[in-house]
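In this note's numbering, the protein residues as written are 142 to 282. For glycine and all other residues, C-beta sits at the position ideal for the given N, C-alpha and C. Keep in mind it's a predicted model, so treat the numbers as computed, not measured. Presented below is the structure to which this report refers.
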């Protein structure tokens with residue numbers, strides 16, 4: 142259940158304009174969370190890696206049933222969305238602490254960020270949808 146809530150929260154952090162359009166007073170919350178964005182991003186990256194490892198360990202779900210396939214695809218989607226949003230949110234922290242010493246890695250990281258940032262809103266909405274699906278699935282099974 143916590144994974145669904147985390148995904149929804151990540152999605153909301155990724156699309157603040159969507160949230161601010163509905164609740165203008167949410168800007169205070171975003172301002173309070175902004176200093177922790179790098180740490181939240183690193184945690185999202187770790188969760189994404191864990192989900193991808195979990196999906197690889199559970200390849201057997203693909204042969205069980207249609208529901209097994211759906212759950213496996215959901216786990217992979219969760220991992221990919223967490224990795225993408227985590228990288229976008231943690232890029233400042235990563236570039237300052239890890240990529241600063243290696244120019245080639247910094248250039249590749251910047252190129253990846255340039256590709257992901259235009260998709261941030263879509264990935265954020267996908268995270269919200271996947272989180273809701275996960276919560277529904279969690280509550281019904």
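Quick one: using the 10 Å Cβ neighbour count with 16 as the cut-off for buried, is residue i buried or exposed?
i	result
residue 228	buried
residue 200	exposed
residue 279	exposed
Just verifying my parser: in three-state terms, what is the DSSP assignment at residue i?
i	result
residue 335	Nothing in the structure corresponds to residue 335, since the chain is present only between 142 and 282.
residue 267	helix
residue 168	helix
residue 142	coil
residue 156	coil
residue 276	helix
Can you tell me the Cα-Cα spacing of residue i and residue j, whole angstroms?
i	j	result
residue 219	residue 265	11 angstroms
residue 157	residue 197	33 angstroms
residue 238	residue 221	23 angstroms
residue 142	residue 275	8 angstroms
residue 159	residue 153	8 angstroms
residue 211	residue 149	19 angstroms
residue 263	residue 224	14 angstroms
residue 253	residue 259	11 angstroms
Taking C-alpha atoms, which residue in the options lies nearest to residue i?
i	options	result
residue 180	205, 164, 189, 234	234
residue 151	215, 252, 261	261
Could you tell me which uninterrupted alpha helix (DSSP H) segments, each at least 4 residues in length, are contained entirely in the region 170 to 203, listed from first to last along the chain?
Taken in chain order, the unbroken stretches of alpha helix (DSSP H) that lie wholly in the region 170 to 203 and span 4 residues or more are 178 to 198.
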